[in-house]
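Below is one structure, written out as structure tokens, with a few remarks after it.
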Amino acid sequence: MMPLRRCSTWPCFAAAQRCAAWLLVLAFARPCSGQVVATPMLRPGQNFGQNLQVANGPRGAVTYLYNFNGSLVTLPASPQGAGYSPQSGLQLSINIDWPGQYGYRPVDLTVRTAKPTTQEQRITVRFNAGDYSSKGRSIEVEDSFLFPRGATTASGRILVPQYQDWYMLGWRVWIDGRPDDFLAVKDASGFQLGPGATNMGVILAGTTVTQTSAYQVALQGAYSGSAVSVKPMALAELPVDWLEYSTLDVVIIPAAELITLVERHREQATGLLRWVRAGGNLWVTEAGQDWRRLATIDEALDSPAAADAPKAAEPEGADSPEALQRELAARGWRRPPTNERASEPTEAALLLSGFETGQSALALLPKIVSAPLAEAIGSYFRPPPGRHFLVRGYGLGAITAFRTGLGGSFNPAGNPLFVSLNQTLLQPRISWATRHGNQPNGFNPDFNKLLIADVGVAPVGMFQILITLFVVGIGPLNYWLLRRRNKLPMLLFTVPAAAVATTAVLFAYGLFADGFGVKVRARTLTLLDQRAGEAASWGRLSYYAGISPRGGLKIPRSQAMYPMYPEWAVGYRTWTRNLQPLRELVWANDQQLTRGWLASRTPTQYQAVSAGASNRKLELRVTARGLRVVNRLGVDVTHLAVEDHQGRVYWCENLPVDQGQLVPETDWDKVNVQIRRLFTENLPEAPVGADSGYTGAGFDFTASQSIMEGRLGAINSALVRSWGKGRYIAFTQQAIGIDLGVDGADEQASFHVVEGRW
């Protein structure tokens, strides 16, 4: 009976054990604050209400919290709220809220823990983003930061180059080299960042709540039909790295706050002004009805215009409109014209550069007619002092000053302020793609105009020689030899063997003719302010690599890189091509562009922009026998034109590094001839037989229309009679502000220009 009793009770006992085990699991799995529960029913894309989203992770489905626009993501999370990783005890928040289209987008990372850490930890994050065609992997960037010992919160920021719309994001996290899969996401979707989401990126710096509201309404009203993304920021929150501004189009700040920024937040002011030097737009509001705050602004910025402006007291009548206009002009402020040529790149550069363009017809009037009549005619044609805003150049950028704020009526008839903005040089500068002459997710019509000669092309001449020898050898010669030896059936073997050998020879010739190294053709412009120790540089870099460098490209942290594509890479079926291959960037002491940036045997071009401190200079000293010049630029100078502080002009050639010359004074017209010859010999042109590019009307995003080419055109303009006292134009063998990224690159047919102040 005992065996029978045991057999009948054992199933009940086993069932009771299973029930107890399930009760224990449910009891310990009961959700509580700060704890994440694994839910087997989660599916990617499933939405749990307003703030919870599900995506794929390394270990299956993961959930994360996000705000209303998806710009802030926090994980791990559950329907009960945010928690902490069971592996590392950390929580990760990612904020991608930043205005703009293209550029280096800041991605803010915040790591939290429930209790203070007992030791320092290194947090490494690899962030990827892209559109649906690339499955969120067009760019992948890695950076790291420290979580201090004893802290509960640590923050870091990754700068991620954005060249297209971002619809999908992903990231992986390592804690002291160990991956934490509970903080990782493979393909979070539902985002939209970039050119498809906005047409204008703006930061409002130091504005009050009232000003912020009014300025946002003003911008939306002035650019109706175009999406404007606006981000208000306190002065202390502004970035210190100019690259973080690179996605923006405009920074707006009240005049009083700009002075405060320079005086109390020097690092933030330096980052902002470097971005302006590199081509940005700074709008200063509430400069005063009489523009008197502009003098204080110039002094606060320690600008060249302030240094050059006369310091003597104004004579009697200084409060008159004419005297005010003279004072503003002496400080570099101009009222931009509203004619149809005002938005041309060279015309805009001439106005912002401060170059003297010779005597105008108004200046010649007193020599032609009587003084009263000349004054009457001049007062009629002379543009009045700026009623609404004035502009002045700052490096390659523009500073715009407004008498008041940006409020008011916003229909074209009722708001001459914004009507003027849309009809002056400021209008094309507001667009990122127009300002750069490039759209990183589209083709550039000027791509073929900066190709490297005689590389990457089919060896037509060698092919003609080989095919002629092949036809002669495989035809009558081969037949005659085999017939003579009575081996005509061997034709079945000799013909294909000769074809294979000819193809191999042609392939080998093409391979060795182009070489295995990296060839570069560059066209750069550097604005060097020796007095401030600052430089801003733009460049176009055209690469051809026989074999792609193993380590990729390495460029300084202060240099931005934007791809440029030819028309043949885009075609008319853009939806069938992925223009953005996976590019990898690792932030270290420099930018390590490790993968996807430079393909073998493929013409590749980038637009490069950099800004930062510089100790490079020319040592210039006027003597009784001429101008003493010593080259401290770090590169050889091939040609140099100098205008001293008394307006005398000098010209010299072949000035090696750390060498000096005594240069005699010369004539301005002779210098002009030499300058024009150099520019003519280095015009970007398509190679013979190559397509010169897109010629359709109304295409705005061409490299020849960028602000760099506009400034080069202004330097070479026939209208210019003086670049300004204390300036020089140098032509160098290598760039001084743009890094090619490859050691030992073979630079060919490059053109480097330096515009300096001393």
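For the sequence shown, our numbering assigns the number 11 to the initial residue and increments by one for each residue that follows.
No residue lacks a Cβ here, since even glycine has one placed at the ideal position from N, Cα and C.
If you're wondering where the values come from, they're calculated on a predicted model, not measured in any experiment.
Residue i versus residue j - alpha carbon distance
{"i": "Pro450", "j": "Asp153", "result": "23 Å"}
{"i": "Arg737", "j": "Val652", "result": "6 Å"}
{"i": "Gln221", "j": "Thr414", "result": "11 Å"}
{"i": "Leu258", "j": "Val117", "result": "15 Å"}
{"i": "Ser441", "j": "Ile409", "result": "16 Å"}
{"i": "Phe522", "j": "Gly407", "result": "45 Å"}
{"i": "Ala317", "j": "Ser144", "result": "Any answer about Ala317 is weak, because its pLDDT of 40 lies below 50 and its placement is not dependable; what the coordinates show is given next. Looking at the two C-alpha atoms, the distance is approximately 51 Å."}
{"i": "Ala609", "j": "Glu757", "result": "18 Å"}
{"i": "Ser239", "j": "Phe412", "result": "21 Å"}
{"i": "Ala546", "j": "Glu577", "result": "30 Å"}
{"i": "Phe457", "j": "Gly485", "result": "43 Å"}
{"i": "Asp300", "j": "Glu309", "result": "17 Å"}
{"i": "Ala759", "j": "Thr512", "result": "33 Å"}
{"i": "Arg159", "j": "Arg302", "result": "51 Å"}
{"i": "Pro126", "j": "Gly67", "result": "27 Å"}
{"i": "Thr712", "j": "Trp343", "result": "29 Å"}
{"i": "Leu282", "j": "Ala215", "result": "11 Å"}
{"i": "Thr536", "j": "Gln101", "result": "45 Å"}
{"i": "Gly44", "j": "Tyr94", "result": "With a pLDDT of 37 at Gly44, under the threshold of 50, the predicted position of this residue should be treated as unreliable, though the coordinate-derived value follows. Distance between the alpha carbons of Gly44 and Tyr94: 6 Å."}
{"i": "Ile462", "j": "Tyr554", "result": "7 Å"}
{"i": "Gly396", "j": "Ala339", "result": "Its pLDDT being 47, under 50, Gly396 is placed unreliably by the model, and the measurement read from it follows with that caveat. Spanning the two alpha carbons is a distance of roughly 11 Å."}
{"i": "Pro355", "j": "Gly723", "result": "8 Å"}
{"i": "Ala618", "j": "Thr128", "result": "44 Å"}
{"i": "His398", "j": "Arg345", "result": "9 Å"}
{"i": "Gln744", "j": "Val170", "result": "28 Å"}
Residues that residue i bridges to, as DSSP identifies them
{"i": "Ala545", "result": "Leu538 and Gly622"}
{"i": "Met178", "result": "Gly140 and Ser199"}
{"i": "His642", "result": "The sequence as given places Arg at residue 642; His does not occur at that position. Lys627."}
{"i": "Lys529", "result": "Tyr554 and Asp756"}
{"i": "Thr73", "result": "Val64"}
{"i": "Gly206", "result": "Gly206 pairs with nothing; no bridge assigned."}
{"i": "Val121", "result": "Leu102 and Ala164"}
{"i": "Tyr404", "result": "Gly407"}
{"i": "Ser88", "result": "Gly91"}
Distance CB(residue i)-CB(residue j) smaller than 9 Å
{"i": "Ile263", "j": "Thr295", "result": "yes"}
{"i": "Leu538", "j": "Ser624", "result": "yes"}
{"i": "Gly289", "j": "Ile717", "result": "yes"}
{"i": "Leu304", "j": "Gly298", "result": "yes"}
{"i": "Trp548", "j": "Ile725", "result": "no"}
{"i": "Asn6", "j": "Ser81", "result": "With the chain represented from 11 up to 768, any question about residue 6 goes unanswered, as that position is not in the structure."}
{"i": "Gly527", "j": "Gly556", "result": "yes"}
{"i": "Ala352", "j": "Thr217", "result": "no"}
{"i": "Leu416", "j": "Ala224", "result": "yes"}
{"i": "Tyr112", "j": "Tyr572", "result": "yes"}
{"i": "Leu665", "j": "Asn692", "result": "no"}
{"i": "Ala237", "j": "Thr280", "result": "no"}
{"i": "Asn488", "j": "Val510", "result": "no"}
{"i": "Thr84", "j": "Ala71", "result": "no"}
{"i": "Gly734", "j": "Ala359", "result": "no"}
Close-in-space but distant-in-sequence residues of the same chain around residue i (CB under 7 Å, 5 per side omitted)
{"i": "Gly146", "result": "Asn138, Ala139, Gly140, Met178, Leu179, Gly180 and Asp197"}
{"i": "Leu460", "result": "Arg531, Arg533, Arg550, Ser552, Gln615 and Pro694"}
{"i": "Arg635", "result": "Leu672"}
{"i": "Gly766", "result": "Leu538, Gln540, Leu628, Arg737, Tyr738 and Ala740"}
{"i": "Leu476", "result": "Thr512, Val515 and Leu516"}
Close-in-space but distant-in-sequence residues of the same chain around residue i (CB under 6 Å, 5 per side omitted)
{"i": "Gly110", "result": "Gly211, Thr257 and Leu258"}
{"i": "Gln226", "result": "Val240"}
{"i": "Gln230", "result": "Val238"}
{"i": "Arg122", "result": "Gln101 and Thr163"}
Residues near residue i in its chain [Cβ-Cβ closer than 8 Å; skip 5 each side]
{"i": "Gly187", "result": "Arg132 and Thr134"}
{"i": "Trp768", "result": "Gln540, Arg541, Lys627, Leu628, Leu630, Gly736, Arg737 and Tyr738"}
{"i": "Asn77", "result": "Asn61"}
{"i": "Leu501", "result": "Asn488, Tyr489 and Leu492"}
Minimum Cβ-Cβ distance from residue i to chain B less than 9 Å
{"i": "Cys662", "result": "Of the protein chains in the structure, only one exists, and it is not chain B."}
Heavy atom of the ligand MN within 8 Å of residue i beta-carbon
{"i": "Leu637", "result": "In the structure shown, the ligand MN is absent, as is every other ligand, since no ligand is present at all."}
Q.
Using 8 Å as the cut-off, can you tell me whether the stretch 191-201 makes contact with the stretch 171-180, which would need three or more C-beta pairs spanning the two stretches below that distance?
A. Output reads yes: the stretch 171-180 touches the stretch 191-201.
Q. Hey, is the stretch 744-755 in contact with the stretch 678-691, meaning 3+ C-beta pairs nearer than 8 Å?
A. These segments do not touch.
Q: Pair every Cβ in the stretch 157-170 with every Cβ in the stretch 117-134, then say whether three or more of these pairs are closer than 8 Å.
A: In this structure the stretch 157-170 touches the stretch 117-134; the number of beta carbon pairs closer than 8 Å is three or more.
(Q) Across the stretch 593-604 and the stretch 631-648, are there enough close Cβ pairs to call them in contact, namely three or more that are closer than 8 Å? (A) Not touching, per the Cβ criterion.
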